[in-house]
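Notes for the one structure printed next.
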Amino acid sequence: MKSDELAPPHFPENIPGTRFPEGHVYGANKTAEPPLQHRPHPFALSYGENGAKIAYGQFTWHVSVFDLLFNNSDDGLDDTPLERAGQDAIDGVNVVVPRLDDYTGDLMDRDIPNVYHELDGYGDVYLVWRLEFAEAPDIVTQCYVEVGTGTTIAEAAGVTVDATTYNRFDGSGTSSAEEEGTYRIKLGNVTEDALVTQDISSDVHWSFFLMERELTA
Amino acid sequence: MPVEITPAGPENIPDTGFPEGHVSAANNPAEPPLQHRPHAFALMHGDGGAKVAYGQLAWRIDVLQLSFATASGPVDEAGQLAIAAFNIKIPTIDSSTGEPMDRTAPNTYNQLDGYGDVYLYWETSLSEEELEDRVDACWVQVGGSSPAEDELDAVTTAAGAFGRFYPTTGSPSTAQLEGTYRVKLGTVNEDELVKQDHASDVYWSTVLLERYGG
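Each protein sequence line maps, in turn, to chains A and B.
For the first sequence, position 96 (counting from the first letter as 1) is numbered 96 according to my numbering, and the numbering increases by one without interruption.
For the second sequence, position 21 (counting from the first letter as 1) is numbered 21 according to my numbering, and the numbering increases by one without interruption.
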């Protein structure tokens, strides 16, 4: 059933003062703005006192996993053919709430009327997340919003084409560079005396797939 | 070169109810017209339950195809179905058979049946003939105890023919064809602040394996 029409999307923070003492009413009073009905879009940026401010947003991820089985039994051939293939259960959408400034920071607050979260400084604002496959099923172990590029980014490394046993979740046949990764996406830029640049204005979704190999004799 | 954004709809400043130039403490301030919807799935308190603004599910599926020479392998061919764009599913209200959400702007909030945790659910039926029916239900409901999330089952590592799309190959089980997924949108309880978890349209993009031959 549909309900009443939306109230206008008033700007979120800081209901302005009326400039009149409480109880003082006459025709020149400035009407206080009604309260916020909803949040701004995810990761909305604005100016703070000593740095950028950012509204709540969250990170969602999805992974698909293929399982390949190779066999090098003595069949008179020199190769190790791919004999079987399968797939893990189909994942849904996983959610991670970002922290502020670094991976030990406070969690962003999802309450409404919300607060903007003040970050440590001005500049480019990034959402950063870290993967650690050994922590499955919660493989996104860190997620935070930071100003600047202080975090070193490193994709989870690729896998050499081969027929050997390989599994990032249990570490079979992997190197450390293949067992973890750190990524980021630019949300926007907040700089003093410049207009805010808003790049991302939705929750961030990341979807990828993995290969597992097993070699049997 | 940057351009200024103009309002999305006609600008209809509502009548204040007073003639021009008439000013007194009883004047109603003219409310500015709504320029846009709130973010997707915006939650608020309603009359007897949560209210939710329009949002939608965008989904897509990639398919990797492997062809096996015999029942014990090996793979002798590999391919992939066309790379699909997004399919859009407009959620219904309260259940899979409810009214669809209204996407017109300025939109209305949609009243839900009760307070509590609010979820977006979707169900798959991968053997449906028409692509758009393979996510065959999508709805917003209060409460997450029923139905429970139920992922599409895994596929055993094997060489036998297997495919979940119509016409199905091999004999996929019901649990490999029909799944139930959900994302928590937030929480609306009486006398409490709204908690808004998800504030975007929801995306679900996955990959399926098909085996042939064997």
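We treat Cβ as the ideally placed atom computed from N, Cα and C, and that holds for glycine.
message: So, at 6 Å on beta carbons, what are the nonlocal neighbours of residue 59 (chain B) in its own chain, with the 5 sequence-adjacent residues on each side left out?
response: If you ignore the 5 residues before and after residue 59 (chain B), its C-beta comes within less than 6 Å of the C-beta of 87, 135 and 204, all in its own chain and listed in chain order.
query: Between the region 157-165 of chain B and the region 137-145 of chain B, are three or more C-beta pairs nearer than 8 Å?
result: Short answer: they don't touch.
Chain-ordered neighbours of residue 209 (chain B) on chain A, where CB pairs are closer than 8 Å: In chain order: 66, 85, 86 and 87.
task: Have a look at A:128, A:186 and A:91 and flag the residue whose alpha-carbon is nearest the alpha-carbon of residue 100 (chain A).
output: Closest in alpha carbon position to residue 100 (chain A), among A:128, A:186 and A:91, is A:128.
- request: Check the Cβ of residue 156 (chain B) against every Cβ in chain A and list those closer than 7 Å, keeping chain order.
  value: Contacts between residue 156 (chain B) and chain A, judged by CB atoms closer than 7 Å, involve 86 in chain order.
query: Of the residues that make up the region 187-212 of chain B, which ones have a beta carbon closer than 8 Å to any beta carbon in chain A?
result: Residues passing the 8 Å Cβ filter: 193, 194, 195, 196, 197, 198, 199, 200, 201, 202, 203, 204, 205, 206, 207, 208, 209 and 211.
task: Reducing DSSP to helix, strand and coil, say where residue 138 (chain A) ends up.
output: In the three-state reduction of the DSSP assignment, residue 138 (chain A) falls in the coil class.
query: Within 8 Å (strictly less), CB to CB, does residue 22 (chain B) reach chain A?
result: Annotation note: pLDDT 48 at residue 22 (chain B) (below 50); position unreliable, coordinate value reported separately. Residue 22 (chain B) does not count as touching chain A.
message: I'd like the span of the alpha helix (DSSP H) that includes residue 165 (chain A), first residue to last.
response: Careful: residue 165 (chain A) lies outside any alpha helix (DSSP H) and carries neither H nor E.
query: Can you tell which of A:163, A:67 and A:94 has its C-alpha closest to the C-alpha of residue 205 (chain A)?
result: Of the residues A:163, A:67 and A:94, the one whose Cα lies closest to the Cα of residue 205 (chain A) is A:94.
message: Determine whether the beta carbon atoms of residue 66 (chain A) and residue 212 (chain A) lie at a separation below 8 Å.
response: Contact flag set, yes.
message: Here's the rule: buried if 16 or more other CB atoms are within 10 angstroms of the residue's CB, otherwise exposed. What is residue 211 (chain B)?
response: Residue burial annotation: residue 211 (chain B) is buried, with at least 16 other C-beta atoms found within 10 angstroms of its C-beta.
query: Helix, strand or coil: how does DSSP classify residue 136 (chain B) here?
result: In the structure shown, the three-state DSSP call for residue 136 (chain B) is strand.
- request: Whole angstroms is fine: what's the gap from residue 168 (chain A)'s alpha carbon to residue 174 (chain A)'s?
  value: Roughly 6 Å between the two C-alpha positions.
message: Assuming residue 89 (chain B) and residue 57 (chain B) are in contact, meaning their beta carbons sit under 8 Å apart, how far apart are those beta carbons, in whole angstroms?
response: Yes, they are in contact, since the Cβ atoms of residue 89 (chain B) and residue 57 (chain B) sit about 4 Å apart, within 8 Å.
- prompt: Excluding the five sequence neighbours on either side, which residues of its own chain have a C-beta within less than 6 Å of the C-beta of residue 143 (chain A), listed in chain order?
  reply: Closer than 6 Å at Cβ, skipping near neighbours: 59, 96, 98 and 129.
- prompt: Is the CB of residue 145 (chain B) under 8 Å away from at least one CB in chain A?
  reply: Under the 8 Å criterion on CB atoms, residue 145 (chain B) is classed as non-interfacial with respect to chain A.
- request: For residue 69 (chain B), collect the residues of the same chain with a Cβ closer than 8 Å to its Cβ; drop the 5 residues on either side in sequence, then sort them by chain order.
  value: Only residues of its own chain outside the window of five on either side were considered, and among them 75, 76 and 213 have a CB closer than 8 Å to the CB of residue 69 (chain B), listed in chain order.
- prompt: Quick one: does residue 127 (chain A) have its CB under 8 Å from some CB of chain B?
  reply: It does not; no Cβ of chain B falls within 8 Å.
For residue 37 (chain B), the nearest candidate out of B:47, B:55 and B:195 (CA to CA): Among B:47, B:55 and B:195, the Cα nearest to that of residue 37 (chain B) belongs to B:55.
query: residue 77 (chain B) lies in the alpha helix (DSSP H); which residues open and close that run?
result: Premise fails: residue 77 (chain B) lies in the beta strand (DSSP E), 75-80, not in any alpha helix (DSSP H).
message: Give me, in chain order, the residues of the same chain whose beta-carbon lies closer than 6 Å to that of residue 186 (chain B); leave out the 5 immediate sequence neighbours on both sides.
response: If you ignore the 5 residues before and after residue 186 (chain B), its C-beta comes within less than 6 Å of the C-beta of 43, 118, 195, 196 and 197, all in its own chain and listed in chain order.
message: Against chain A, with Cβ distances strictly below 8 Å, would residue 72 (chain B) count as a contact?
response: For residue 72 (chain B), the answer is yes, since a Cβ of chain A falls inside 8 Å of its Cβ.
Closest Cα partner of residue 154 (chain B) within the set B:168, B:182, B:208 and B:125: It is B:208.
query: Does DSSP put residue 156 (chain B) in a helix, a strand or coil?
result: In the structure shown, residue 156 (chain B) sits in a strand (DSSP, three-state: E or B).
query: So what does residue 44 (chain B) bridge to, in DSSP terms?
result: Note: residue 44 (chain B) sits in a beta bridge opposite B:51.
message: Please state whether the Cβ-Cβ distance between residue 214 (chain A) and residue 69 (chain A) is less than 8 Å.
response: Their beta carbons are under 8 Å apart, which means residue 214 (chain A) touches residue 69 (chain A) by this criterion.
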